[in-house]
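Numbering (full-length UniProt numbering), first residue to last: 1 to 242.
Idealized CB from N, CA, C, for every residue including glycine.
In structure tokens:
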């Protein structure tokens, strides 16, 4: 399935801001426009008999950061699961570089990192052993575990069994998976939960590095992190389907 040429209908969610701009002395032709890294067309999400959102459309380029905000239950986590290819939308399509992600779900999973409320930490393993385990699953180099330790200041507790970690340390360990192996798309659901100020700074540094390398970030949060999003999307409750 190829991406349709026509632009998506206007979303009922609110696009609060966009800091990106395109200036040119002449309007570019359609063939000259770059293909978005990610494009969402007429997306709808339903949970039971409740419509969370519909007619959603947006596009993002490499290096962009989309910030998702809205009250609990508005569909932020559900949208991230759709973008990860874990759930099917009620309507609409999601495209990666012009091709529907549903055409090759396995390839889409390989290009992303999805961080949820579940940290996936194995309590019986040490911090370093957890990272080595994840690196092996991802097919990343063994040395990447040491890089991840440094990125989130975990070297001092590398040999500590994960069952002894504080909530903030567990969160740092979960976040360190992001840097084990490069991935084009980061989907982050409340990533700053349980982090102290230093942990938040480490997270922001990892995001900045990822974006500088052309990576794409979509982040749902209630915290006002010191982010510079390309776009901000606010979701609101849509009510119940009739």
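One or two residues paired with residue i in a DSSP bridge
i: residue 114; result: 187
i: residue 56; result: 43
i: residue 126; result: 161
For residue i, three-class secondary structure by DSSP
i: residue 223; result: coil
i: residue 232; result: strand
i: residue 93; result: strand
i: residue 142; result: coil
i: residue 259; result: Beyond the ends of the chain as shown, which are 1 and 242, falls residue 259; an answer cannot be given.
i: residue 197; result: helix
i: residue 35; result: coil
Check whether residue i and residue j have beta carbons under 8 angstroms apart
i: residue 131; j: residue 176; result: yes
i: residue 247; j: residue 174; result: Nothing can be reported for residue 247: it is not among the residues displayed for the chain, which extend from 1 to 242.
i: residue 114; j: residue 235; result: no
i: residue 92; j: residue 41; result: yes
i: residue 134; j: residue 80; result: no
i: residue 67; j: residue 201; result: no
i: residue 217; j: residue 170; result: no
i: residue 59; j: residue 43; result: no
Closer than 7 angstroms: residue i CB and nearest the ligand MN heavy atom
i: residue 177; result: Among the ligands in the structure shown, none appear at all, so the ligand MN cannot be discussed.
Candidates the options, of which the one nearest residue i by Cα
i: residue 45; options: 133, 149, 88, 128; result: 88
i: residue 101; options: 204, 218, 189, 38; result: 38
i: residue 111; options: 121, 96, 75, 125; result: 96
Spell out a yes or no on whether the stretch 223 to 231 and the stretch 152 to 166 are touching, meaning 3 or more CB-CB pairs, one atom from each, closer than 8 angstroms.
Counting C-beta pairs closer than 8 angstroms gives fewer than three between the stretch 223 to 231 and the stretch 152 to 166, which falls short of the contact rule.
Would you call the stretch 199 to 219 and the stretch 58 to 78 in contact, with 3 or more CB pairs under 8 angstroms?
Yes, since at least three Cβ pairs between the stretch 199 to 219 and the stretch 58 to 78 fall closer than 8 angstroms, the two stretches touch.
Three or more beta-carbon pairs under 8 angstroms between the stretch 180 to 189 and the stretch 78 to 96, yes or no?
Result yes; three or more Cβ-Cβ pairs closer than 8 angstroms.
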